[in-house]
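Asker: This is the structure I have questions about; it appears just below.
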Amino acid sequence: MGILEVQNVNKRFGGLQALNNVNLNVEEGSVHAIIGPNGAGKSTLLNCFVGRLTPDTGSVMFNGQSLLGIKPHEINQTGVSRVFQTPEIFTDLTVLENVMIPAFAKRDGAYKLNPFKRVREEAEVRDAAEEVLVDVGLQDKKNMTAAEMSRGDKRRLEMAMCLVQDPKLLLLDEPTAGMARADTNRTIDLLKHIGETRGITKVVIEHDMHVVFSLADKISVLAQGTVLVEDKPENIKGHPKVREAYLGE
Ligand code: ADP
Ligand code: MG
Numbered sequence: 001m002g003i004l005e006v007q008n009v010n011k012r013f014g015g016l017q018a019l020n021n022v023n024l025n026v027e028e029g030s031v032h033a034i035i036g037p038n039g040a041g042k043s044t045l046l047n048c049f050v051g052r053l054t055p056d057t058g059s060v061m062f063n064g065q066s067l068l069g070i071k072p073h074e075i076n077q078t079g080v081s082r083v084f085q086t087p088e089i090f091t092d093l094t095v096l097e098n099v100m101i102p103a104f105a106k107r108d109g110a111y112k113l114n115p116f117k118r119v120r121e122e123a124e125v126r127d128a129a130e131e132v133l134v135d136v137g138l139q140d141k142k143n144m145t146a147a148e149m150s151r152g153d154k155r156r157l158e159m160a161m162c163l164v165q166d167p168k169l170l171l172l173d174e175p176t177a178g179m180a181r182a183d184t185n186r187t188i189d190l191l192k193h194i195g196e197t198r199g200i201t202k203v204v205i206e207h208d209m210h211v212v213f214s215l216a217d218k219i220s221v222l223a224q225g226t227v228l229v230e231d232k233p234e235n236i237k238g239h240p241k242v243r244e245a246y247l248g249e
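Encoded structure:
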């Protein structure tokens, strides 16, 4: 059984069938890439995993528990974190403060009622945030205002904001979008490193084939809301359906 099991998911927007009987089986500890042309339904699918959208029909199971009908913050508390297609950071806060916020969000609200607990937790959260900033290579920039950061660093910050929550499943929507090659390669290394040291399962939507083939254990190809094939990278490259739908051959 996979850590994330998606069965027969359908999602319609008016007259558009954005997801059409989608199945996905993500193995624990693996990197599962979702590729496909623009408008294929990749982000829609991810939105169905985090409670931003509810499928019309079908099931989404994480660790044997249904994620449907659960609020986004509750899904987050079960161990699912997400990196968005456009960074969602607090630009007027420092890098360190940005990382502390999701760490507090993951904890329950009880500390608010107890000032002693709150002080202690704040120290713990700060330590955890600093540790994660070392992991993503932003420790030297922790006191910088997030607005001043480069695009690549913003994405690293956003990854730190997920990692500080110690997720079991990390969802990444085009983590290298708009990055120059050097930043892309740093992101690949970072994602590999995260996988090794923390054993986090990752689902990555990605356009850049270099990234996909560097990272993925499994690839699902989505086109017009339908999964054409789910297989190992070596079997995806030459697959006739993939060449036709995705590479335009
Ligand atoms: P991808 O991420 O693969 O590029 P999306 O999942 O963003 O594709 O979109 C799939 C299709 O659904 C597109 O045709 C898009 O225009 C449409 N779509 C996405 N979100 C909505 C929405 N909230 N309302 C209406 N149509 C949407
Ligand atoms: Mg998208």
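For the sequence shown, the UniProt record's numbering assigns the number 1 to the initial residue and increments by one for each residue that follows. Heads up, the beta-carbon is just placed ideally off N, CA and C, and yes, glycines get one too.
Would you check if the distance between the CB atom of aspartate 217 and the CB atom of histidine 32 is smaller than 8 Å?
Answerer: The sequence position of residue 217 within the sequence shown is 217, counting from 1. The sequence position of residue 32 within the sequence shown is 32, counting from 1. Yes, Cβ-Cβ distance for aspartate 217 and histidine 32 is below 8 Å.
Asker: Express the C-alpha separation of aspartate 189 and alanine 182 in angstroms, rounding to a whole number.
Answerer: By one-based count along the sequence shown, residue 182 stands at place 182. By one-based count along the sequence shown, residue 189 stands at place 189. If I take the Cα positions, the gap works out to 11 Å.
Asker: Give me every residue whose Cβ sits closer than 6 Å to any heavy atom of the ligand ADP, in chain order.
Answerer: Those residues are Phe13, Leu16, Ala18, Gly36, Asn38, Gly39, Ala40, Gly41, Lys42, Ser43 and Thr44, given in chain order.
Asker: Suppose you measure from the CA of isoleucine 35 to the CA of aspartate 92; what does that come to, to the nearest Å?
Answerer: Counted from its first residue, the sequence shown places residue 35 at position 35. Counted from its first residue, the sequence shown places residue 92 at position 92. One C-alpha to the other measures close to 34 Å.
Asker: Using 8 Å as the threshold, is the segment 122-136 in touch with the segment 60-77, meaning 3 or more CB pairs across them?
Answerer: The segment 122-136 vs the segment 60-77: no contact.
Asker: For asparagine 23 versus valine 227, is the C-beta distance shorter than 8 Å?
Answerer: Here residue 23 refers to the residue found at position 23 when the sequence shown is read from its first residue. Here residue 227 refers to the residue found at position 227 when the sequence shown is read from its first residue. It is a contact, given that the beta carbons lie within the stated cut-off.
Asker: Cα separation between threonine 44 and valine 60?
Answerer: Here residue 44 corresponds to residue number 44 of the sequence shown, with the count starting at 1. Here residue 60 corresponds to residue number 60 of the sequence shown, with the count starting at 1. The straight-line gap from Cα to Cα measures roughly 13 Å.
Asker: My understanding is that methionine 159 touches valine 50, with C-beta atoms under 8 Å, so please give their C-beta distance in whole angstroms.
Answerer: Counting from one through the sequence shown, the residue named residue 159 turns up at place 159. Counting from one through the sequence shown, the residue named residue 50 turns up at place 50. Not confirmed; about 16 Å, so no contact.
Asker: Which same chain residues, not among the five before or five after alanine 18, have their C-beta less than 8 Å away from its C-beta?
Answerer: Taking the first residue of the sequence shown as 1, we reach residue 18 at position 18. Within the same chain, alanine 18 has close Cβ partners Lys11, Arg12, Gly41, Thr44 and Gly225.
Asker: Identify, in the order they occur along the chain, each residue of the same chain with its Cβ nearer than 7 Å to the Cβ of leucine 53, setting aside the five sequence neighbours on each side.
Answerer: As a working mapping, residue 53 is identified with position 53 in the sequence shown. The residues are Lys11, Thr44 and Asn47.
Asker: When you compare only the Cα positions, how much space is there between valine 242 and arginine 107?
Answerer: Against the sequence shown, residue 242 aligns to sequence position 242. Against the sequence shown, residue 107 aligns to sequence position 107. Near 43 Å, if we compare the C-alpha coordinates of arginine 107 and valine 242.
Asker: Going by CA-CA distance only, name the one from Lys232, Leu222, Met179 and Lys168 that's closest to glycine 29.
Answerer: Against the sequence shown, residue 29 aligns to sequence position 29. Among Lys232, Leu222, Met179 and Lys168, the Cα nearest to that of glycine 29 is on Lys168.
Asker: Which residues in the same chain as leucine 172 place their Cβ atom closer than 6 Å to its Cβ, once the five residues preceding and following it in sequence are excluded?
Answerer: Translated into positions along the sequence shown, residue 172 becomes position 172. Taken in chain order, the residues that qualify are Val83 and Val204.
Asker: Taking the alpha-carbon of glutamine 7 as reference, which of Leu16, Gly14, Gly15 and Val26 has the nearest alpha-carbon?
Answerer: Numbered from 1 along the sequence shown, position 7 holds the residue referred to as residue 7. The shortest Cα separation from glutamine 7 among Leu16, Gly14, Gly15 and Val26 belongs to Val26.
Asker: Would you kindly work out how many angstroms separate the C-alpha atoms of proline 72 and glycine 79, rounded to a whole number?
Answerer: Here residue 72 is taken as the residue at index 72 of the sequence shown, counted from 1. Here residue 79 is taken as the residue at index 79 of the sequence shown, counted from 1. Each residue's Cα considered, the two are about 11 Å apart.
Asker: Give every residue of the same chain whose Cβ lies closer than 8 Å to the Cβ of valine 132, excluding the five residues on either side of it in the sequence, and list them in chain order.
Answerer: Translated into positions along the sequence shown, residue 132 becomes position 132. Around valine 132: Val99, Ala160, Leu163 and Val164.
Asker: Using alpha carbons as the reference points, say which of Gly58, Leu16, Asn38 and Asn20 lies closest to glutamate 5.
Answerer: Along the sequence shown, read from residue 1 onward, the residue named residue 5 stands at position 5. For the residues Gly58, Leu16, Asn38 and Asn20, the minimum Cα distance to glutamate 5 belongs to Gly58.
Asker: Where does aspartate 153 fall in DSSP's three states?
Answerer: Within the sequence shown, numbered from 1, the residue matching residue 153 stands at position 153. Helix, per DSSP.
Asker: Thinking glutamate 174 and glutamate 206 are a contact (beta carbons under 8 Å), I'd like their distance in whole angstroms, please.
Answerer: Start at 1 with the first residue of the sequence shown, and residue 174 comes out as number 174. Start at 1 with the first residue of the sequence shown, and residue 206 comes out as number 206. Correct: roughly 6 Å between the Cβ atoms.
Asker: According to DSSP, is glutamine 139 helix, strand or coil?
Answerer: Locating residue 139 in the sequence shown gives position 139, counting from the first residue. Helix, per DSSP.
Asker: Is the closest heavy atom of the ligand MG to the C-beta of aspartate 208 under 7 Å?
Answerer: Start at 1 with the first residue of the sequence shown, and residue 208 comes out as number 208. Aspartate 208: no, Cβ never under 7 Å from the ligand MG.
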